[in-house]
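Asker:
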Amino acid sequence: MVTAMADTALQLIIFFMASTTYDAPNLAEINLPQSETQTSESEYIYLSLTRDGMVYLGKEELSLDGLRVYLSNRQDQRNKVVSVFADKNMQYREIAVVLTILQEQEFLNVLFMTQPKKDDGSGK
Numbered sequence: 127m128v129t130a131m132a133d134t135a136l137q138l139i140i141f142f143m144a145s146t147t148y149d150a151p152n153l154a155e156i157n158l159p160q161s162e163t164q165t166s167e168s169e170y171i172y173l174s175l176t177r178d179g180m181v182y183l184g185k186e187e188l189s190l191d192g193l194r195v196y197l198s199n200r201q202d203q204r205n206k207v208v209s210v211f212a213d214k215n216m217q218y219r220e221i222a223v224v225l226t227i228l229q230e231q232e233f234l235n236v237l238f239m240t241q242p243k244k245d246d247g248s249g250k
């Protein structure tokens, strides 16, 4: 009997806690300033690295030195995310060279883009 009473009391407490809404008291009327958000052309820099070691910035082909020059001329864009699309058959040392250039130029927000695995039905 005591257990049933405790269970009922606990359920009532949980019910009232879940159904109660808390509104913050509005103590003073405040007019907040309005702002305009600036939209940048893109928050990403897209790099593609091909199996044969070519570097593409978007659709433009660049040498490694060209990539270094491009990034050094855009130091104001260092907070952009660099999305790297690297061929899966590429040697890691070639990717490491590009990562070193990005690090030298202080472009530190780097994403490696992948394709999701196809479900082969094995349940793994």
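Numbering (this note's numbering), first residue to last: 127 to 250.
C-beta: ideal position from N, C-alpha, C; glycine also.
1. How long is the line joining the alpha carbons of A222 and L183, rounded to whole angstroms?
2. Could you give the C-beta distance for M216 and L190, rounded to a whole number, given that I count them as a contact under 8 Å?
3. The alpha helix (DSSP H) spanning A189 covers which residue range?
4. Nearest-angstrom Cα distance between L225 and F142?
5. Tell me whether Q231 is buried or exposed, calling it buried when 16 or more other Cβ atoms sit within 10 Å of its Cβ.
Answerer: A quick look at the data gives this:
1. 17 Å
2. Rounded, the Cβ-Cβ distance is 14 Å, inconsistent with contact.
3. According to the sequence provided, residue 189 is Ser. The question's Ala does not apply to it. From DSSP, S189 is part of no alpha helix (DSSP H); its letter is neither H nor E.
4. In a straight line, the C-alpha of L225 is about 55 Å away from that of F142.
5. buried
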